[in-house]
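Everything on this sheet refers to the single structure shown next.
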Amino acid sequence: MFNPDGLESHNSGSSQELLPKAPQYVKETELDFLFLVELLCKTLFFHGQMRLVELVNHTKLSISVLEPLLAFMRTEQLCEVSGRSDTEATIAFNLTDVGRSRAQTFLQKSHYAGPAPVSLVSYIDMVHKQSIGGMKITKELVAEGFEGFVLRQSTLDQFGAAMNSGRAIFVYGPAGSGKTYVSEHLATLLTGYTAIPHAVEINGEVVQIFDPLVHKPVSNTGAVGSLDRGVRHDPRWVLCQRPVVITGGELTLSMLDLEFDQNTRFYQAPPQVKANNGLLIIDDLGRQLVSPQTLMNRWIVPLDRKVDYLALHTGTKFMVPFDVIVIFSSNIPPSQLADEAFLRRLGYKIYIGELHENEYRTIFEQNCNRMNIPFSEAGLRFVIDQLHTKHDKPLLACIPRDLLEQVRDFAFYQGVEPELSEKMLSWAWENYYTRG
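Numbering (UniProt numbering), first residue to last: 1 to 436.
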């Protein structure tokens with residue numbers, strides 16, 4: 001799963017509006033005092049001596065939050081001041097023997113020693129605040145986002161309305177019709193920003209949310225970089241573009257639950273949580289190891305109630321928002337994949353099929369220009385009349401690109417300029433449509 005590179009959403013509003021103010025007291029972190037002490041012990045255990053500014057940068061906690069924690073640790077003889085201590089900039093801390101022993105005990109419970117998490121309540125509130133349902137997608141925005149695309153206006157209108165609904169979208173049609181490409185490109189219609197926490201604390205357990213493969217920061221909002229005691233934005237949150245998570249045939253039911261690492265003893269969020277306030281694309285539905293019906297049944301409650309239920313390995317269950325536009329993409333018609341109960345929960349069912357000849361021509365010319373292959377009317381007619389028609393192959397969006405790439409590759413191999421000759425096109429066609 002990934003957030004496709006090069007897909008930038010249209011964002012509006014101040015990039016800092018969503019970020020909450022940094023907590024100035026331990027109580028304002030909404031985390032238990034001793035939980036934070038354990039986090040500091042583990043951090044010093046892994047990193048050794050750390051200056052105060054380094055602790056601020058690493059934990060994403062302000063100096064006014066760290067001071068009482070470090071004072072407690074010194075009183076309990078868990079840490080000591082090392083090096084010069086005449087200024088805040090140079091003061092450094094190190095674990096004592098007692099502190100190292102206690103840190104090893106803490107590590108048996110969890111190895112998490114990253115940025116301080118936020119509370120589950122704060123996370124839920126933030127997801128609601130920046131809901132995907134707050135977007136307004138206009139016809140002009142769709143036209144801009146899909147400029148250069150060969151897609152019928154009626155289909156574009158369906159996608160625009162579907163994105164405004166905030167409901168699930170089922171995109172179906174034959175293989176090669178461009179379903180996945182169009183679904184991924186819907187990311188360009190996303191507006192606004194999202195604040196993503198590094199992690200969330202639940203009953204003393206840590207669930208890592210921020211994933212650099214999914215979440216794309218819009219600025220260096222997560223950095224602290226100083227010992228400024230003034231009120232600023234909480235760096236436990238990272239301001240990002242709305243996420244886009246794509247998963248395909250590898251998806252299993254277990255992947256939709258919290259992933260508990262037995263070695264590190266903390267959790268990774270499942271894809272639907274990482275996708276909160278954004279898009280979750282389930283590509284190639286029907287090709288997963290689990291049956292489509294079983295997979296669909298897993299989504300009924302989240303799609304209907306906009307909440308999902310997860311469980312810790314301790315057995316504790318908790319609710320998280322399901323603020324996601326889910327896009328199911330499949331070669332199989334929806335009626336063959338799910339029952340009526342599930343289909344009613346799908347807001348939009350959008351078909352992307354074969355192209356008209358004029359649409360195929362446009363895509364063919366676009367790919368000729370992109371690959372620096374001279375376009376010729378005779379070459380196009382040969383492809384349509386002699387190859388597609390005689391072999392009874394539909395005009396699909398993927399074929400011009402795939403065919404012309406093989407023409408280009410063959411020409412480079414032969415040491416000649418690529419051209420739309422019958423010889424090159426026939427070779428590419430035979431190579432593309434393997435026999436047997």
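In this text, a Cβ means the ideal position worked out from N, Cα and C, and glycines have one as well.
Check, Outcome
"When you compare only the Cα positions, how much space is there between Thr-252 and Asp-283?", "13 Å"
"Within the region 196-266, note down every full alpha helix (DSSP H) run reaching 4 residues or more, in order along the chain.", "none"
"Taking the alpha carbon of Ile-196 as the reference point, which residue from Tyr-25, Ala-269, Thr-90, Cys-398 has its own alpha carbon closest?", "Ala-269"
"My parser needs the alpha helix (DSSP H) runs of 4 or more residues fully inside the region 17-77; what are they?", "33-47, 52-59, 63-75"
"How far does the beta strand (DSSP E) with Asp-339 in it reach, from first residue to last?", "Taken as a continuous stretch (DSSP letters only), Asp-339 belongs to no beta strand (DSSP E), as it is neither H nor E."
"Give a yes or no on whether the C-beta atoms belonging to Leu-346 and Phe-382 are separated by under 9 Å.", "no"
"Can you check whether the C-beta of Pro-394 is within less than 9 Å of a C-beta belonging to chain C?", "In summary, chain C is missing from the structure at hand, where a single protein chain is found."
"Between Arg-265 and the rest of its own chain, which residues show a CB-CB distance below 7 Å, the 5 nearest in sequence each way excluded?", "Lys-109, Ser-110, His-111"
"Going by C-alpha to C-alpha distance, which of Lys-390, Lys-274, Gly-248 sits closest to Leu-295?", "Gly-248"
"Around the C-beta of Val-98, are 16 or more other C-beta atoms found within 10 angstroms, so that it is buried, or is it exposed?", "exposed"
"Going by C-alpha distance, which of Pro-292, Gly-286, Lys-306 is nearest Gln-272?", "Lys-306"
"Is there contact here, the region 64-77 with the region 22-35, by at least three beta-carbon pairs under 8 Å?", "yes"
"Looking at Met-73 and Leu-39, is the spacing between their C-beta atoms short of 9 Å?", "no"
"Spatial neighbours of Phe-260 within its chain, please: CB distance less than 6 Å, with the 5 preceding and 5 following residues excluded, ordered by chain position.", "Tyr-267, His-313"
"Comparing alpha-carbon positions, which option in Met-371, Ser-165, Glu-430 lies nearest Leu-279?", "Ser-165"
"For Met-319, which residues of its own chain have a beta-carbon under 6 Å away from its beta-carbon, when the five flanking residues on both sides are left out?", "Val-307, Tyr-309"
"By the DSSP assignment, the alpha helix (DSSP H) with Val-142 in it spans what residues?", "139-145"
"How long is the line joining the alpha carbons of Ala-113 and Val-245, rounded to whole angstroms?", "26 Å"
"Would Lys-317 be called buried (16 or more neighbouring beta carbons within 10 Å of its own) or exposed?", "exposed"
"Can you list, in chain order, the residues of its chain whose CB lies under 6 Å from that of Ala-223, leaving out five sequence neighbours each side?", "With a pLDDT of 47 at Ala-223, under the threshold of 50, the modelled position of this residue cannot be trusted; read the value that follows with caution. Excluding residues within five positions, none has a Cβ falling inside 6 Å."
"Thinking C-beta only, is Glu-201 closer than 9 Å to Pro-117?", "yes"
"In this structure, what does DSSP give as the bridge partners for Asn-94?", "Glu-80"
"What are the residues that DSSP puts in a beta bridge with Ala-187?", "The partner list for Ala-187 (beta bridge, DSSP) is empty, contrary to what the question assumes."
"Are there 16 or more other CB atoms within 10 angstroms of the CB of Phe-46, so buried, or fewer, so exposed?", "exposed"
"Three or more C-beta pairs under 8 Å: does that hold for the region 333-345 against the region 145-162?", "no"
"List the endpoints of the continuous alpha helix (DSSP H) containing Val-121.", "120-129"
"Go through the region 304-382 residue by residue and report every complete run of the beta strand (DSSP E) that reaches 3 residues or more, in order.", "307-311, 317-321, 324-330, 346-351"
"Assign Gly-13 to one of two classes, buried (16 or more other C-beta atoms within 10 Å of its C-beta) or exposed (fewer than that).", "Per-residue confidence for Gly-13 stands at a pLDDT of 43, beneath the threshold of 50, marking its modelled position as unreliable; the derived number appears in the next sentence. Its Cβ having fewer than 16 others within 10 Å, Gly-13 is exposed."
"Go ahead and label Pro-212 buried or exposed: buried means 16 or more other beta carbons lie within 10 angstroms of its beta carbon, across all protein chains shown.", "exposed"
"Count the other CB atoms within 10 Å of the CB of Gly-379; is the residue buried (16 or more) or exposed (fewer)?", "buried"
"The beta strand (DSSP E) spanning Tyr-413 covers which residue range?", "Looking at the DSSP string, Tyr-413 is not in any beta strand (DSSP E); the run it does join, the alpha helix (DSSP H), is 398-414."
"Give me the Cα-Cα distance between Arg-100 and Asp-304, rounded to the nearest whole angstrom.", "49 Å"
"Can you list, in chain order, the residues of its chain with a C-beta nearer than 6 Å to that of Leu-420? Leave out the 5 residues immediately preceding and following it.", "Ser-376, Gly-379"
"In terms of DSSP beta bridges, what is Gly-278 paired with?", "Val-324"
"Just list the residues that DSSP pairs Phe-170 with in beta bridges.", "Phe-328, Lys-349"
"Can you grab the Cα-Cα spacing for the pair Trp-299 / Asn-277, in whole Å?", "17 Å"
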